[in-house]
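Chains as they are written, first to last, in our numbering: chain A, 197 to 650; chain B, 197 to 650.
We put the beta carbon where it would ideally sit given N, CA and C, even for glycine.
Keep in mind that this is a model prediction, so the values were computed, not measured.
What follows is a set of notes on a single structure, which appears directly below.
Number of protein chains: 2
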Amino acid sequence: MQTPKAHVLAGSVRKLLRRKAYGHIANLLLKLRPGDISHLMRDLNERDQVSLFSVLMSRDRSLAAETLNNLGLEVGLEILKLLPSQEITNVLQELETDDAAVFISALPEELAQEVLQRMRVEESTEVQELLRYSEETAGRIMTPNVFALHEDLSVGEAIHSIQTAQDLEMVFYLYVVDDRNHLVGVVSLRQLLMVPPSTPLKKVMTGDVISVTTDTDQEEVARQVALYDLLAIPVVDQENKLVGVITVDDVIDVIKEEATEDIYYLAGVTDDHVQTPPAVSIRRRLPWLVINLATALIAATVVAFYEPTIARFAYLAVFLPVVAGMGGNCGTQTLTVMVRGLALGEVSWENTKATILKEILVGTANGLITGLIAGLVAFLWKGNYLLGVVLSTAMIINMFVAGLMGSLIPLALKKLNIDPAIASGIFLTTFTDVVGFLSFLGLAHLLLQYLPAA
Amino acid sequence: MQTPKAHVLAGSVRKLLRRKAYGHIANLLLKLRPGDISHLMRDLNERDQVSLFSVLMSRDRSLAAETLNNLGLEVGLEILKLLPSQEITNVLQELETDDAAVFISALPEELAQEVLQRMRVEESTEVQELLRYSEETAGRIMTPNVFALHEDLSVGEAIHSIQTAQDLEMVFYLYVVDDRNHLVGVVSLRQLLMVPPSTPLKKVMTGDVISVTTDTDQEEVARQVALYDLLAIPVVDQENKLVGVITVDDVIDVIKEEATEDIYYLAGVTDDHVQTPPAVSIRRRLPWLVINLATALIAATVVAFYEPTIARFAYLAVFLPVVAGMGGNCGTQTLTVMVRGLALGEVSWENTKATILKEILVGTANGLITGLIAGLVAFLWKGNYLLGVVLSTAMIINMFVAGLMGSLIPLALKKLNIDPAIASGIFLTTFTDVVGFLSFLGLAHLLLQYLPAA
């Protein structure tokens with residue numbers, strides 16, 4: 197949510213835009229940080245966003261580019277699409293190669309080609325090289341502008357290089373390479389300060405560098421940066437040649453993105469945001485709903501099978517959704533802990549069996565408690581103790597199955613190299629619906645002769 | 197998941213533990229990074245974890261402490277609880293104050309007091325001071341060991357301080373303070389290298405420092421670090437006196453923790469992990485299930501009201517869970533996008549109305565499409581076109597409500613300062629269940645005279 201300050205600022209900007217006081221706006225914006233400007237822009241409507249962005253472009257292209265980057269792909273793209281292709285090129289050229297690649301790959305194919313042709317050859321080549329790597333890999337998110345020095349240099353020469361290099365705000369480590377650009381070591385800026393200038397880099401560097409290859413999954417990159425508390429991680433190709441670097445700010449983006457993806461997949465949402473246009477949201481959410489409808493109808497055939505029983509004992513229909521729903525809720529708890537555990541690396545194949553047994557135990561125990569409560573309520577409500585027994589038993593069975601399937605399904609999907617977040621929920625609720633309906637109505641049918649008609 | 201290398205390593209360690217070859221194990225462990233050791237320990241059972249940790253403690257206490265920290269609170273605590281209080285004190289004393297505070301606050305009250313008494317006075321005082329701040333605030337997660345220098349020093353003196361300071365691996369910025377310890381500026385290590393040593397710090401520092409106060413919510417801290425791409429953020433008290441610093445590695449932990457919390461809340465899980473003992477998991481998940489049971493039973497009273505209708509047209513029971521389930525799924529999609537949008541700062545009060553309208557539109561459109569499909573299936577299945585009309589209409593109504601309530605509920609909770617992730621789901625499914633049952637059975641009841649009996 198916005199801070200009160202941002203709110204007041206957005207109000208002033210809207211007024212100034214209405215008065216077309218672009219000079220005033222520019223003076224206001226140039227005092228802010230890119231993060232603050234993007235924060236402010238989120239509070240404006242699309243037309244005002246574009247006007248503001250144009251003012252920014254005309255006065256400080258680099259600030260405009262950083263603001264665009266801070267706005268993120270979804271909002272940034274909406275603004276870019278309203279600009280002429282030369283302007284798009286101008287702003288994207290100001291970005292780091294990896295960030296430019298993100299926007300270009302999301303532009304409509306024809307526009308992307310046009311922008312690439314208008315770009316300076318060197319940058320266009322760099323972007324196209326990044327785009328050759330698969331999405332969500334280290335190669336795709338790295339910046340090729342990595343600061344590396346030859347192992348034969350001295351510390352003094354290294355410090356001089358740092359002093360004269362351009363555009364180095366985000367340099368935390370100095371990577372050391374040999375004649376053929378193989379990554380052979382790493383030195384921190386602080387280490388450089390600790391030794392005499394004549395010391396060879398070879399002597400101060402750490403030889404055992406943690407690195408990833410271009411095809412490493414971005415989630416694994418984030419895990420390593422977090423595990424070893426790094427500020428940046430170098431990227432090498434198959435021959436251990438240094439080709440890029442991924443900094444911690446990009447890793448933070450990856451962590452957020454992957455968490456959002458997991459949350460979304462668990463809820464049946466793909467790549468959707470508050471700002472996504474309705475038509476796009478409808479199209480992206482519909483397939484999940486259609487699949488859910490299909491599985492719900494499959495589960496419904498179980499109920500259809502017991503129609504005569506329901507016709508005689510209509511109150512069974514009252515508790516049907518309770519049995520299925522509680523199984524679904526209980527299974528979702530297990531599923532969520534498993535999916536998150538797999539994402540955070542808490543689950544290992546070694547403790548798989550213990551994990552499944554634990555989840556079965558937890559599901560069954562909670563099934564026992566809530567099942568007895570529900571059974572008691574049903575008995576008191578309908579004055580029928582057999583109904584209570586049937587409801588309790590069905591819930592215990594269903595929550596046992598929920599614990600079993602809730603842990604088994606994500607593990608199985610992971611083994612098959614399918615993202616466990618994406619499909620687990622659908623399989624799970626199909627199981628808990630079918631088992632819930634079957635156990636409740638099946639038991640009711642078996643005990644039919646002892647049940648009084650409604 | 198573990199890498200093949202970690203798997204082989206865990207195998208060797210298990211063998212060595214069985215042979216009690218502790219010397220061999222120590223030699224093996226001392227070659228690894230803390231991150232690798234914690235990775236390896238996750239593959240061992242609890243007894244082996246404790247044995248391994250004891251070996252580590254006897255040989256390299258600082259490595260043991262870092263490993264403990266990497267294991268995280270849940271697993272780390274299980275190991276700590278099995279150690280004598282003096283050993284716990286020894287290992288926690290090696291940690292940064294903020295990390296030690298995390299473990300101490302999670303120990304049983306009596307044990308925590310004992311450990312605090314055994315600790316060196318200075319560290320014990322620091323830990324107790326952190327524990328005075330509320331959970332999930334900047335004060336609680338900061339480290340009080342912040343590297344700050346007086347504004348009157350020169351760049352040369354500053355570089356000398358860095359060279360002689362102890363334990364500075366995670367220093368990225370030099371904070372500058374005045375006589376009364378007020379935060380007045382910041383300098384990056386690289387900036388220090390760019391100017392002559394005689395330059396006063398005052399001349400090179402940036403005066404406009406982004407900082408947070410001790411009571412800033414940790415989620416807001418993480419948002420600022422991400423927004424401004426910082427490596428560390430200083431923490432000041434109400435008088436702008438510098439009292440601590442939060443580094444990016446801790447921010448990464450906060451981001452993961454908050455994402456996990458949101459995912460868990462949406463699924464009705466609190467602070468639960470794969471390694472959590474079954475009894476604890478049962479106790480933590482049960483309240484959610486009981487609340488869900490209560491709301492499910494409330495919704496069931498709607499069905500109970502229409503029992504006579506169901507007794508006559510039993511096939512209505514077949515489609516009841518379909519209507520309620522589709523509403524729930526559709527609403528969950530909206531809810532998830534809203535909750536994540538609120539967490540990531542994508543939603544502002546300015547665009548609230550547009551957001552709600554969009555979600556209603558998306559819900560209704562998808563309700564129209566899936567409703568028509570479901571209605572057609574019902575018509576073909578039961579050969580009853582009125583049933584199809586009733587089902588379609590009920591689904592459209594329910595998914596309209598799902599879009600409305602899915603966006604309204606999290607916004608309302610946020611306004612009331614309640615975490616929208618925590619309670620939205622329960623309110624939502626209560627609405628979609630009640631509206632689903634009511635619209636489907638209500639419509640069926642109204643059109644009763646035109647429907648043939650089953």
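With 16 other Cβ atoms within 10 Å as the buried cut-off, status of residue i
i	result
valine 204(B)	exposed
glutamine 414(A)	buried
lysine 227(B)	exposed
glutamate 331(A)	exposed
methionine 197(A)	Confidence is the limiting factor: at methionine 197(A) the pLDDT is only 40, short of 50, which leaves the residue's position unreliable and the question unanswerable from this model.
glycine 651(B)	Since the first residue shown for chain B is 197 and the last is 650, residue 651(B) is missing from the structure and cannot be characterised.
glycine 567(B)	buried
glycine 403(A)	exposed
alanine 334(A)	buried
glutamine 313(A)	exposed
aspartate 375(A)	exposed
threonine 443(B)	buried
valine 586(B)	buried
arginine 328(A)	exposed
leucine 612(A)	exposed
proline 517(B)	buried
valine 498(B)	buried
alanine 617(A)	buried
proline 230(B)	buried
asparagine 265(B)	buried
Rounded distance between the beta-carbons of residue j and residue i, thought under 8 Å
i	j	result
threonine 621(A)	glycine 464(A)	Sequence inspection shows glycine at residue 621(A); the threonine mentioned does not correspond to that position. About 7 Å; that satisfies the 8 Å criterion.
valine 311(A)	leucine 288(A)	6 Å
glutamine 359(A)	methionine 401(B)	Actually they are not in contact, since the Cβ atoms of glutamine 359(A) and methionine 401(B) sit about 18 Å apart, beyond 8 Å.
leucine 379(B)	valine 405(B)	6 Å
alanine 598(B)	glycine 523(B)	5 Å
Distance, residue j Cα to residue i Cα
i	j	result
histidine 469(B)	arginine 508(A)	45 Å
glycine 207(B)	valine 417(B)	41 Å
methionine 315(B)	aspartate 295(B)	15 Å
arginine 215(B)	histidine 235(B)	22 Å
leucine 540(B)	methionine 534(B)	10 Å
glutamate 435(B)	arginine 386(B)	29 Å
valine 298(A)	leucine 269(A)	8 Å
alanine 308(A)	serine 301(A)	7 Å
serine 692(A)	aspartate 449(B)	This structure does not reach residue 692(A), given that chain A is present from 197 up to 650, and the question cannot be answered.
alanine 608(A)	tyrosine 461(A)	17 Å
leucine 642(B)	leucine 576(A)	30 Å
arginine 336(A)	threonine 412(A)	10 Å
valine 519(A)	phenylalanine 249(A)	54 Å
leucine 482(B)	threonine 472(B)	15 Å
cysteine 161(A)	threonine 505(A)	For residue 161(A) there is no data in the structure shown, the boundaries of chain A being 197 and 650.
serine 407(B)	glutamine 420(B)	9 Å
threonine 456(B)	alanine 422(A)	15 Å
leucine 213(B)	threonine 263(B)	18 Å
leucine 427(B)	methionine 338(B)	13 Å
valine 382(A)	leucine 259(B)	21 Å
Nearest neighbour of residue i, chosen from the options [CA to CA]
i	options	result
valine 514(A)	Leu634(B), Leu212(B), Ala261(B) and Gln324(B)	Leu634(B)
arginine 243(A)	Gly559(A), Glu274(A), Gly523(A) and Ala422(A)	Glu274(A)
aspartate 425(B)	Val405(A), Asp433(A), Lys437(A) and Val447(A)	Val447(A)
valine 431(A)	Leu326(A), Pro474(A) and Ile552(A)	Leu326(A)
threonine 395(A)	Ile233(A), Ile355(A), Ser258(A) and Val367(A)	Ile355(A)
threonine 712(A)	Asn580(A), Gly602(A), Gly563(A) and Val405(A)	Chain A is shown only over 197 to 650; residue 712(A) falls outside these bounds and no answer can be derived.
leucine 438(B)	Gln420(B), Leu345(B) and Ala510(B)	Leu345(B)
asparagine 341(A)	Val323(A), Pro517(A), Ile593(A) and Gly352(A)	Val323(A)
tyrosine 218(B)	Arg255(B), Asp239(B), Arg229(B) and Ala260(B)	Arg255(B)
lysine 554(A)	Gly579(A), Leu600(A) and Met253(A)	Leu600(A)
isoleucine 565(A)	Leu485(A), Met595(A), Ile429(A) and Leu644(A)	Met595(A)
Where the stretch 560 to 578 of chain B meets chain A: residues whose CB sits under 7 Å from a CB there: Ala561, Asn562, Ile565, Thr566, Ile569, Ala570 and Val573
Contact set between the stretch 405 to 431 of chain B and chain A, restricted to residues whose Cβ is under 7 Å from the partner: Of all residues in the stretch 405 to 431 of chain B, Ala422, Leu423, Tyr424, Asp425 and Leu427 have a Cβ within less than 7 Å of some Cβ in chain A.
By the 9 Å beta-carbon criterion, what residues does the stretch 461 to 473 of chain B contribute toward chain A? Leu462, Ala463, Gly464, Val465, Asp468, His469, Val470, Gln471, Thr472 and Pro473
Name, going along the chain, the residues of the stretch 348 to 364 of chain B whose beta-carbon falls closer than 7 Å to a beta-carbon of chain A. Residues Ile355, Ile358, Gln359 and Leu364.
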